[in-house]
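From first to last, the protein sequence lines are chains A and B.
Be aware that the first sequence starts at 65, since it is given in this note's numbering, and climbs by one per residue.
Be aware that the second sequence starts at 291, since it is given in this note's numbering, and climbs by one per residue.
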Amino acid sequence: DTGVSQNPRHKITKRGQNVTFRCDPISEHNRLYWYRQTLGQGPEFLTYFQNEAQLEKSRLLSDRFSAERPKGSFSTLEIQRTEQGDSAMYLCASSEGQSEVGSGYTFGSGTRLTVV
Amino acid sequence: GENVEQHPSTLSVQEGDSAVIKCTYSDSASNYFPWYKQELGKRPQLIIDIRSNVGEKKDQRIAVTLNKTAKHFSLHITETQPEDSAVYFCAASLSNAGKSTFGDGTTLTVKP
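Rendered as structure tokens:
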């Protein structure tokens, strides 16, 4: 499978617990993005990487969220001390990043987080 | 930051009719405008995109137009089919910025 892979597909956690999601991008893509999507809304930007460098993080994100992309390959998104408002679909995407102009994303299937 | 507004939020058409979805953006520096289709329970998929150096792009039954002066772009689907039913998202990106800002989506229903 040469697409973007995300694990787990579903995660149910109790409020206050920490969770970690993983994303494996398309191997040739050097840009990796994390978005959050809630019902009836478009994907909301969280953060993005070019290779291993985290280039931007949304100001909407609290310090409870952190992301890494060691070695510029897979990425992890961790949410500490989860709250019910964190319940959403977390989407990962990757894209080529060679040109100065943006390029389209290939999305993963997402991780659906439910905080109870 | 960039703000993208998308209209309408829902659109219902008869099979064979055309559908048009419109988006406006706020940052005149944006120069890349992709459209994604998201079927129920599935991931968004890129269906067409346009860069700011062109005004129109077509791919079979779908086309996108861009008006840089007015800062709006539109998706046109002709000869709609039931399998076109999905949520469509527009987005805008700045050169070198990487991230896309998405609209809130249009739910298109094509009635057989």
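All C-beta atoms, glycine included, are put in the ideal place defined by N, C-alpha and C.
Keep in mind the model is a prediction, meaning the values are calculated, not measured.
Quick one: Cα of residue i to Cα of residue j, how far?
i	j	result
A/G188	B/T391	Outside the displayed range of chain A (65 to 180) lies residue 188 of chain A, so it cannot be described from this structure.
B/E346	B/V354	6 Å
A/L177	A/T102	10 Å
A/L125	A/L110	7 Å
A/E92	B/N357	33 Å
A/H74	B/Y378	24 Å
A/S158	A/W98	9 Å
A/A117	A/G104	31 Å
A/P89	A/R133	11 Å
B/V400	A/E147	38 Å
B/C313	B/L336	16 Å
B/N293	B/S383	10 Å
B/K332	A/Q70	13 Å
B/S299	A/L119	32 Å
A/R100	B/D394	13 Å
A/F171	A/R123	22 Å
B/L301	B/T397	6 Å
A/V179	A/S151	6 Å
Can you check whether the C-beta of residue i is within less than 8 Å of a C-beta belonging to chain B?
i	result
A/Y97	yes
A/S158	no
A/E120	yes
A/F171	yes
A/S106	Just to set this straight, residue 106 of chain A is Gly in the shown sequence, not Ser. Answer yes: the Cβ-Cβ gap between A/G106 and chain B drops below 8 Å somewhere.
A/Y112	yes
A/G149	no
Against chain A, with Cβ distances strictly below 8 Å, would residue i count as a contact?
i	result
B/P402	no
B/P334	yes
B/T399	no
Give me, in chain order, the residues of the same chain whose beta-carbon lies closer than 6 Å to that of residue i; leave out the 5 immediate sequence neighbours on both sides.
i	result
A/T84	T140, E142
B/E349	Position check: residue 349 of chain B holds Asp in this sequence, whereas Glu was assumed. Result list for B/D349: I338, in chain order.
Name the two residues that bound the continuous beta strand (DSSP E) containing residue i.
i	result
A/K121	117 to 121
A/H93	Per DSSP, A/H93 belongs to no beta strand (DSSP E) and is neither H nor E.
A/N71	69 to 71
B/T300	300 to 304
B/Y404	Past the edges of chain B, shown from 291 to 402, lies residue 404 of chain B, and the structure says nothing about it.
B/K312	309 to 315
B/V294	294 to 297
B/E346	346 to 349
A/Y154	152 to 159
B/Q335	335 to 341
A/S139	139 to 143
Any heavy atom of the ligand SAH inside 7 Å of the beta-carbon of residue i?
i	result
B/A360	Absence of the ligand SAH from the depicted structure is noted, as is the absence of any ligand whatsoever, leaving it without description.
Between residue i and the rest of its own chain, which residues show a CB-CB distance below 8 Å, the 5 nearest in sequence each way excluded?
i	result
A/Y112	R95, L96, Y97, W98, Q118, L119, E120
B/P334	Y326, K327, Q328, F379
Report task. Name, going along the chain, the residues of the region 340 to 372 of chain B whose beta-carbon falls closer than 7 Å to a beta-carbon of chain A. Result -> For the region 340 to 372 of chain B, the set of positions with a beta-carbon nearer than 7 Å to some beta-carbon of chain A reads R341 in chain order.
Report task. May I ask you to list, following chain order, the residues of the region 310 to 330 of chain B that have a beta carbon less than 7 Å from some beta carbon of chain A? Result -> If the cut-off is 7 Å between Cβ atoms, the region 310 to 330 of chain B has N321, Y322, P324 near chain A.
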